[in-house]
RNA sequence: GCUGUUGUAGCUCAGGGGUAGAGCACUUCCUUGGUAAGGAAGAGGUCGAGAGUUCAAUUCUCUUCAACAGCUCCA
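Numbering (this note's numbering), first residue to last: 2 to 647.
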């Protein structure tokens with residue numbers, strides 16, 4: 002007998018060779034019907050794998066992340082089976098589960114597939130799922146694996162197998178379909194009840210643009226129709242929060258093809274919002290000892306040759322601007338660091354002067370690939386809330402941690418709680434694309450890892466995500482549709498100080514090299530505002546709302562009183578507007594609600610007579626009447642506390 | 001940059017080989033209405049751009065531009 006330990010610590014005894022599914026059945030049939038996979042000794046495996054030794058066991062169902070992932074991976078196989086049935090000879094690339102669902106990359110040869118065809122594939126999948134085909138695992142030798150796919154003529158699988166070690170290769174078969182796969186899979190296809198194929202897109206084989214582009218089909222499956230419906234509703238709701246849609250509806254920003262792609266322009270309301278955010282951070286920075294500086298939008302090409310940016314990005318940038326002078330070239334600045342390095346050099350620095358913290362809301366221009374442009378999150382002209390900290394090596398960690406504090410202050414003030422702190426390091430093996438010495442990289446990477454750990458940040462490490470001059474700590478958030486974006490970033494850099502020959506005189510009267518920290522809590526105002534819009538669905542906290550109060554006179558008899566109230570609010574520095582159209586109060590309220598204006602004041606003859614205001618809160622309704630003083634106090638308090646919306 | 005989808009009024013969209021329609025927004029008039037849409041009239045579009053097929057193209061074909069989804073990229 003072997004001992005099986007359950008998550009609650011209970012231990013039960015079973016015959017060797019028992020499966021997780023058997024164990025589930027021994028507990029209850031109902032449980033067995035829900036088991037998708039099992040976590041045995043920390044490894045996710047098929048629920049049908051025999052367990053031979055004493056083990057810990059967690060039965061995985063739909064509520065477990067790994068349970069879902071297993072189901073979706075199996076769904077990818079089911080889709081492949083359907084595709085093979087409908088499109089004989091289709092070749093298969095990879096078909097993994099993803100955060101929400103799964104995809105399979107396929108090569109249809111000369112054929113194409115349209116969104117219409119997806120319905121047929123879905124129908125076929127439903128048909129196949131109903132057969133309750135068991136997913137059968139089989140260990141195969143490399144030779145047999147190669148033989149199988151050679152006969153099938155699938156070069157993608159052959160390429161994958163070629164890189165696998167013999168003795169480590171498994172096939173999974175369900176129904177008439179066999180795939181190279183390390184598993185695990187759900188017990189049978191009957192668990193897949195509701196299927197939705199979401200979209201078709203292109204994807205390069207193995208993620209390299211040098212390779213052929215395969216057709217990628219995305220889908221998602223659920224154990225019942227209700228959950229699928231809920232998921233689809235959720236997607237629809239998320240689309241309503243899209244900052245591109247809200248930006249248009251709320252008149253925050255606009256693009257113009259004539260002005261140029263990826264060059265956002267801020268409308269008055271958006272500009273006001275942006276201005277508030279900028280002021281908020283500027284104040285926090287001055288408090289933290291930053292020194293505001295201003296530098297021009299262009300810089301001599303030589304500046305970027307010195308910094309190394311020209312060599313790295315010159316070809317893919319906005320091309321140099323030439324002048325009447327022979328051989329003179331300027332570039333739109335793609336980043337602010339070189340300018341700040343030159344500012345550092347204006348006067349000799351003593352170790353007592355450090356750290357020097359230059360801050361600038363610097364607008365930069367980068368020629369992003371056409372297909373990459375995306376609303377405000379990926380643009381060609383944007384403003385970084387940039388700062389460069391020049392410090393002594395012994396100050397790096399302290400400065401780095403202070404920056405983490407500042408970023409957290411900013412995020413907390415805007416109730417951004419769902420972010421990931423990502424430590425972005427070099428590629429683990431390919432090092433040619435980075436500048437600077439191995440030693441400096443080691444120092445910088447250590448400084449980041451230690452600082453983040455000491456600040457108690459929950460971090461993930463990502464390789465191949467570093468900047469070419471140094472590692473980064475990036476604060477990643479998701480947009481309404483789950484796409485990840487980098488907002489705040491902090492980067493330790495030992496390289497630019499060398500390239501610009503920056504120095505300070507130490508206590509030993511010798512020259513020393515300062516260390517540079519690049520940092521931007523927002524990342525860029527554009528991207529930050531995009532995420533902010535989606536985060537609050539356009540209902541900005543009062544301190545940021547472009548219009549805080551809409552004054553709604555009931556009829557033009559109340560016009561004078563409305564103007565008086567507006568005047569008083571303006572004196573109290575409250576941003577208010579009057580809706581003096583000849584419309585009914587119901588309509589004015591509806592439009593103010595749709596415009597997501599936080600407060601509405603309904604003013605009629607009664608209010609004028611009593612010298613009060615009738616207050617309505619957006620999406621909350623009527624709050625009753627109060628004196629104007631009480632209302633102003635309410636607003637001021639909410640603004641002062643930077644209260645988020647509930 | 002690559003693959004796919006889409007492009008009709010300021011916005012959201014319908015239509016379709018014989019030079020266009022709805023709702024909202026806009027203008028004017030009527031209405032002075034108490035917490036999510038009052039009524040009427042009017043104005044507004046070389047149907048993204050270019051070329052081809054056709055007696056005739058906004059509709060079909062090709063090219064191009066842009067947007068969207070994904071991939072690649074991201075100082």
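Glycine included, C-beta positions come from ideal geometry on N, C-alpha and C.
Outcome for residue i when other beta-carbon atoms lying within 10 angstroms are tallied against a minimum of 16
i: residue 441; result: buried
i: residue 334; result: buried
i: residue 10; result: exposed
i: residue 113; result: exposed
i: residue 164; result: exposed
i: residue 185; result: buried
i: residue 85; result: buried
i: residue 423; result: buried
i: residue 561; result: exposed
i: residue 62; result: buried
i: residue 355; result: buried
i: residue 134; result: buried
i: residue 28; result: exposed
i: residue 71; result: buried
i: residue 432; result: exposed
Residues bridged to residue i (per DSSP)
i: residue 369; result: Looking at the DSSP assignment, residue 369 forms no beta bridge with any residue, so it has no partner.
i: residue 105; result: 218
i: residue 182; result: Note: residue 182 sits in no beta bridge, so no partner.
i: residue 618; result: 600 and 622
i: residue 189; result: 135
i: residue 4; result: 14
i: residue 197; result: 221
C-alpha distance - residue i paired with residue j, whole-angstrom precision
i: residue 207; j: residue 93; result: 12 angstroms
i: residue 317; j: residue 370; result: 9 angstroms
i: residue 223; j: residue 411; result: 38 angstroms
i: residue 289; j: residue 276; result: 20 angstroms
i: residue 180; j: residue 235; result: 33 angstroms
i: residue 91; j: residue 19; result: 38 angstroms
i: residue 247; j: residue 402; result: 35 angstroms
i: residue 486; j: residue 364; result: 19 angstroms
i: residue 619; j: residue 587; result: 14 angstroms
i: residue 16; j: residue 187; result: 22 angstroms
i: residue 421; j: residue 535; result: 17 angstroms
i: residue 495; j: residue 449; result: 13 angstroms
i: residue 606; j: residue 612; result: 10 angstroms
i: residue 342; j: residue 501; result: 7 angstroms
i: residue 378; j: residue 237; result: 20 angstroms
i: residue 300; j: residue 286; result: 26 angstroms
i: residue 254; j: residue 45; result: 48 angstroms
i: residue 404; j: residue 396; result: 12 angstroms
i: residue 544; j: residue 517; result: 34 angstroms
i: residue 25; j: residue 417; result: 41 angstroms
Proximal residues to residue i (C-beta, below 7 angstroms), its chain only, five neighbours per side dropped
i: residue 345; result: 357, 391 and 503
i: residue 569; result: 629
i: residue 507; result: 352 and 513
i: residue 632; result: 614 and 616
i: residue 229; result: 195, 197 and 223
Contacts around residue i, its chain only, beta-carbon distance under 8 angstroms, and the 5 residues preceding and following it disregarded
i: residue 1; result: Because the chain in this structure spans residues 2 to 647, residue 1 falls outside the shown range and cannot be described.
i: residue 590; result: 553, 601, 603 and 617
i: residue 137; result: 173, 174 and 175
i: residue 214; result: 203, 204, 205 and 206
i: residue 225; result: 194 and 195
i: residue 419; result: 478 and 479
i: residue 527; result: 265, 377, 378, 380, 383 and 384
i: residue 151; result: 159
Residue i beta carbon near the ligand FAD (any heavy atom closer than 7 angstroms)
i: residue 192; result: Among the components of this structure there are no ligands whatsoever, and the ligand FAD is therefore not found.
Residues near residue i by beta carbon distance below 6 angstroms, same chain, minus five either side
i: residue 319; result: 333, 366 and 368
i: residue 48; result: 21, 22, 36, 38, 39 and 188
i: residue 626; result: 613 and 615
i: residue 623; result: 617
* To do: Just list the beta strand (DSSP E) runs in the stretch 408 to 459, keeping only unbroken ones of 3 residues or longer that don't cross its boundaries, in chain order.
  => The qualifying runs are 420 to 425.
* Note down, one range per segment and in chain order, each alpha helix (DSSP H) of at least 4 residues found wholly within the stretch 516 to 560. => As far as the stretch 516 to 560 is concerned, its whole alpha helix (DSSP H) runs of at least 4 residues are 526 to 536.
* Enumerated in chain order, which unbroken segments of the alpha helix (DSSP H) with a length of 4 residues or greater are wholly contained in the stretch 484 to 520? -> As far as the stretch 484 to 520 is concerned, its whole alpha helix (DSSP H) runs of at least 4 residues are 496 to 500.
* **Contiguous beta strand (DSSP E) assignments of at least 3 residues, all confined to the stretch 284 to 363** => The stretch 284 to 363 contains these whole beta strand (DSSP E) runs: 299 to 301 and 330 to 333.
* Which ranges does the alpha helix (DSSP H) cover as unbroken runs of at least 4 residues, wholly within the stretch 225 to 280, from first to last along the chain? -> Residue ranges of uninterrupted alpha helix (DSSP H) with 4 or more members, entirely inside the stretch 225 to 280 and ordered along the chain, are 226 to 241 and 244 to 250.
* Residue ranges of each alpha helix (DSSP H) within the stretch 25 to 85, 4 or longer -> Runs of the alpha helix (DSSP H) lying entirely within the stretch 25 to 85 and spanning at least 4 residues, in chain order: 30 to 33.
* Considering only residues of the stretch 84 to 161, which uninterrupted alpha helix (DSSP H) runs meet the minimum length of 4 residues and lie entirely inside it, listed in chain order? -> Runs of the alpha helix (DSSP H) spanning 4 or more residues and lying entirely within the stretch 84 to 161 occur at 116 to 130 and 143 to 153, in chain order.
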